[in-house]
Amino acid sequence: MGRFETTLSIPLPRPVRMLLIGLIVLALLLYAGACACLRQVQERFIFFPEREVTETPATYGLGYEDVYLPLEKDQLHGWWIPAARPDAPVVLYLHGNGINVGANAEHAHRLQYRLGFTVFLFDYRGYGKSSGPFPSENRVYADAERAWQYLVGERKIDPRRILLYGHSLGGAVAVEMAVRHPEVAGAVVESSFTSILEMTAAQRWTRFFPVEWLLHQRFDSIAKMSRLQVPVLFIHGRRDRVISHTMSERNYAAAPQPKRLLLVAGGDHATNAVEGGSLYLEGFRTFAHAALSR
260 MGRFETTLSI
270 PLPRPVRMLL
280 IGLIVLALLL
290 YAGACACLRQ
300 VQERFIFFPE
310 REVTETPATY
320 GLGYEDVYLP
330 LEKDQLHGWW
340 IPAARPDAPV
350 VLYLHGNGIN
360 VGANAEHAHR
370 LQYRLGFTVF
380 LFDYRGYGKS
390 SGPFPSENRV
400 YADAERAWQY
410 LVGERKIDPR
420 RILLYGHSLG
430 GAVAVEMAVR
440 HPEVAGAVVE
450 SSFTSILEMT
460 AAQRWTRFFP
470 VEWLLHQRFD
480 SIAKMSRLQV
490 PVLFIHGRRD
500 RVISHTMSER
510 NYAAAPQPKR
520 LLLVAGGDHA
530 TNAVEGGSLY
540 LEGFRTFAHA
550 ALSR
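Just so we're on the same page, the numbering used here is the position in the sequence shown counted from 1, plus 259.
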C-alpha cells in the first residue's frame, strides 16, 4: 500500500492574524509616507543655504559694488567686482549648494586679482541677502537667468565677453545656462556631477526607494552635454570625496569639442586652485583666452 503523509495546518489565532495584518499595513503606510516625504522635501537634501555673510571682497582688499536685482516678489543680492581694466571679460560666478557668496569671496578674488576678470558673484534666492523662498532647481535656473539679463541687458556686456563659472552644484547651473545661451564665450565647470540621480545612487539608503520616480530635482548635466555649443573646461580634484572626479571625466567624454579636462592631483572638493597652483591658473587662463578669442 502507498504511504500517505498529511500536514496539519493550524490556523493562527484571530488576534495574532489581526496583529500581523496591522503590522504589514503600518509598514506599508510608513514606507508610502517616507516616499511622499522624499518627494516633497528633497530640496532640503540638496540645498544648504546660510543667511549670514561672513566675508566680502573687501576682506581680500577688493573694491566692489553691492547689487540688488528684483525678481518676481523677491530680490537677488550680488557683488560686482570690477577688474583694473574697464574692458576686462566678465565671469558670471555660480556658486554651489552650501553657504553663500561669502564662502566664495576668496576664489572671486583669485579670478579678479590673479586672472584679471571682472566678477559678478550673486546669491540664489534663500541664500545670504537674497530674499525669497527655499531654493529649488527651477528657482536657481531662474536666478541665474536674472543675473545673465543683468549683465547683458543692464550692463550691456557682449555675451561673447562673458565666461560662465560654476562650482559643484553651480556647475550644473552653468551647464544649463550654456545650453540656453550658446552666444556665451564658454563655461568652466568645477567639481561638479553628472546628475543628482547618479549622486543619490551612491547612497546606500536610496536602494530601498524608487528614486527614479521620486526625484524631480534632477540637475541632469550629462544629458545636456550633447546640446552644448560652447567651449567647456572641466576641472576636478582627484581627491574629491564629495563628488568623484570620474563624474567630470564622464561629462567631458559626453561633451562635444571644443573641450578641456583639468584634473588636479592633490585637489579635493574645494581646494583645486590652492593645490593646483600655477597649473590651475594657467589652465584656466589658457582656456579663457581661447574661448574669448573665438
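For every residue, glycine included, the Cβ atom is placed at its ideal position computed from N, Cα and C.
Problem set entry | Contact belief for ILE502 with HIS528 at Cβ below 8 Å, rounded distance in angstroms | Position 243 of the sequence shown holds residue 502. Position 269 of the sequence shown holds residue 528. Contact holds; Cβ gap of about 7 Å.
Exercise. Quick one: what's ASP325 bridged to in DSSP?
Worked result: As a first step, residue 325 is located in the sequence shown; it is residue number 66 there, counting from the start. Answer is TRP338.
Exercise. Hey, how far is the Cα of LEU474 from the Cα of TYR386?
Worked result: Residue mapping note: residue 474 aligns to position 215 of the sequence shown, counting from 1. Residue mapping note: residue 386 aligns to position 127 of the sequence shown, counting from 1. When rounded, the distance between both Cα atoms is 23 Å.
Exercise. Counting Cβ pairs, one atom from each stretch, are 3 or more of them under 8 Å apart for the segment 356-376 and the segment 401-409?
Worked result: no
Exercise. Using DSSP with H/G/I as helix, E/B as strand and the rest coil, what is ARG497?
Worked result: As a first step, residue 497 must be located in the sequence shown, where it is residue number 238. It is coil, neither helix nor strand.
For this session: Could you spell out where the beta strand (DSSP E) holding LEU410 opens and where it closes?
Result: The sequence position of residue 410 within the sequence shown is 151, counting from 1. No beta strand (DSSP E) contains LEU410, which DSSP labels as neither H nor E.
For this session: Would you check if there are 3 or more beta carbon pairs closer than 8 Å linking the segment 408-419 to the segment 446-460?
Result: no
Exercise. Whose C-alpha, out of ASN363, ASN397, SER395 and GLY430, is nearest the C-alpha of GLY381?
Worked result: Numbered from its first residue, the sequence shown carries residue 381 at position 122. The sequence shown places Phe at residue 381, not Gly. Selected option, being the one with the closest Cα: ASN363.
Exercise. If you drop the 5 nearest sequence neighbours on each side, which residues of the same chain put their C-beta closer than 6 Å to that of TRP339?
Worked result: Along the sequence shown, one-based indexing puts residue 339 at 80. For TRP339, where only same-chain residues beyond five positions count, the Cβ hits under 6 Å are GLU324, VAL326 and PHE379.
Exercise. Can you tell which of LEU271, LEU282, ILE280 and ALA550 has its C-alpha closest to the C-alpha of ARG419?
Worked result: As a working note, residue 419 is residue 160 in the sequence shown. Closest option to ARG419, Cα to Cα, is ALA550.
Problem set entry | Cβ-based neighbour list, GLY357, same chain, cut-off 6 Å, excluding 5 preceding and 5 following | Position 98 of the sequence shown holds residue 357. So the list reads PHE307, once near-sequence residues are dropped.
Problem set entry | DSSP-derived helix/strand/coil call for TYR352 | Here residue 352 refers to the residue found at position 93 of the sequence shown. Three-state DSSP puts TYR352 in a strand.
For this session: Report the rounded CA-to-CA distance for LEU279 versus PRO469, giving the unit in angstroms.
Result: As a first step, residue 279 must be located in the sequence shown, where it is residue number 20. As a first step, residue 469 must be located in the sequence shown, where it is residue number 210. Near 25 Å, if we compare the C-alpha coordinates of PRO469 and LEU279.
Problem set entry | CB of SER450 within 8 Å of CB of ASN531, strictly | Looking up residue 450 in the sequence shown gives position 191. Looking up residue 531 in the sequence shown gives position 272. Yes, these two residues count as a Cβ contact at 8 Å.
Problem set entry | Short Cβ contact (8 Å threshold) for ARG554 with VAL432 | One cannot answer for residue 554 here, as it falls past the ends of the chain, which runs 260 to 553.
For this session: Measure the C-alpha to C-alpha separation of HIS548 and ILE416 and round it to an integer number of angstroms.
Result: Within the sequence shown, the letter at position 289 stands for residue 548. Within the sequence shown, the letter at position 157 stands for residue 416. So the alpha carbons of these two residues sit roughly 17 Å apart.
Exercise. Are VAL360 and HIS354 touching if we call contact CB-CB under 8 Å?
Worked result: Sequence index remark: in the sequence shown, residue 360 carries index 101 (1-based). Sequence index remark: in the sequence shown, residue 354 carries index 95 (1-based). Cβ atoms of VAL360 and HIS354: closer than 8 Å.
Problem set entry | ASN540 versus GLY525, LEU521, ARG553 and SER552, residue with shortest Cα-Cα distance | Taking the sequence shown and counting its residues from 1, one reaches residue 540 at position 281. Before going further, note that residue 540 is Leu rather than Asn in the sequence given. Ranking GLY525, LEU521, ARG553 and SER552 by Cα distance to LEU540 puts LEU521 first.
Exercise. What are the complete alpha helix (DSSP H) segments, minimum 4 residues, inside the segment 476-528?
Worked result: 480-483 and 504-513
Problem set entry | Backbone secondary structure at GLY357 - three-state DSSP | Here residue 357 corresponds to residue number 98 of the sequence shown, with the count starting at 1. Note: GLY357 maps to strand in three-state DSSP.
For this session: Starting from the C-beta of GLU302, find all residues in its chain whose C-beta is less than 7 Å away, skip the five residues before and the five after it, and write them out in chain order.
Result: The sequence position of residue 302 within the sequence shown is 43, counting from 1. Excluding positions up to five away in sequence, the list reads PHE393, PRO394, SER395 and GLN476.
For this session: For the alpha helix (DSSP H) holding LEU374, just list the boundary residues, first then last.
Result: Position 115 of the sequence shown holds residue 374. Element bounds for LEU374: n/a, residue is neither H nor E.
Problem set entry | Beta-carbon proximity list for THR318, same chain, < 7 Å, skipping 5 on both sides | For the purposes of this step, residue 318 is identified with residue 59 of the sequence shown, where counting begins at 1. Closer than 7 Å at Cβ, skipping near neighbours: ALA364.
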